[in-house]
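Below is one structure; the comments refer to it alone.
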């Protein structure tokens, strides 16, 4: 059940479900909300873990502010939730913008991060094709607008404002490098659909740069992977969170020098 909690001086919608020794922090995509991911994959995750999700500023039930959108600010907001709500290290599972935020949190506060799952995420803005530029009358765009209007304290008419801030951000951010990714030691699963808006070479480059990276490309899926294939997504996430790391394989190549 969700409630408003003070995160960095701003009333923020936080939803907590399930129980367990380990916590999973679920991070929604851009212009989206936590309900979308919770409805898709929340139930199986909450069966094994304490599950926390929240609506970032200007998303879902959390009101906007006049400030522009920046991923670094969203990472600071996420760190605030980890400190004030989670209160311990957590697994981070982020979709799209949520995955980018995972990377930034892992760089800034590795002490708060256990394992990570990045779904349809990019580490540089040039890794994305035109898949985010949806026609206004497309079913997915219509669903995003409708969900925003139903939840936002700012009202549906504010959507144009957040869309403008979103586009200004995603066309100039993030600007991480493979050297930055090489400093992230948390075991990380990189997931994407085989028809994702994030270019496949970019996704593979991210996986290869992460010292403890694993890769899952899901066939017949787009950037909306968790919504299109929720069962596959939840099962893959749970398998990764519960598996041995680094994985023990019969013919290791990339991990030949890994120490269990």
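In the UniProt record's numbering, the protein residues as written are 1 to 260.
For every residue, glycine included, the Cβ atom is placed at its ideal position computed from N, Cα and C.
When the beta-carbon positions are compared, residue 8 and residue 34 stay at least 7 angstroms from each other.
Within the model, the alpha-carbon separation for residue 26 versus residue 104 is close to 15 angstroms. Residue 61 carries a coil assignment under DSSP once its states are collapsed to helix, strand and coil. Residue 20 and residue 78 have their C-alpha atoms roughly 21 angstroms apart. DSSP, reduced to helix, strand and coil, places residue 210 outside both helices and strands of the structure shown, so it counts as coil.
DSSP, read as helix, strand or coil, puts residue 99 in helix.
Boundaries of the alpha helix (DSSP H) around residue 181: 178-181.
Sequence-distant partners of residue 70 (beyond 5 residues in either direction) whose C-beta falls short of 8 angstroms from its own C-beta, in its chain, are 169 and 173. Comparing C-alpha distances from residue 245 to each of 187, 205, 234 and 86 shows the shortest one belongs to 187. Rounded to the nearest angstrom, the Cβ distance from residue 36 to residue 251 is 39 angstroms, too far for a contact under 8 angstroms.
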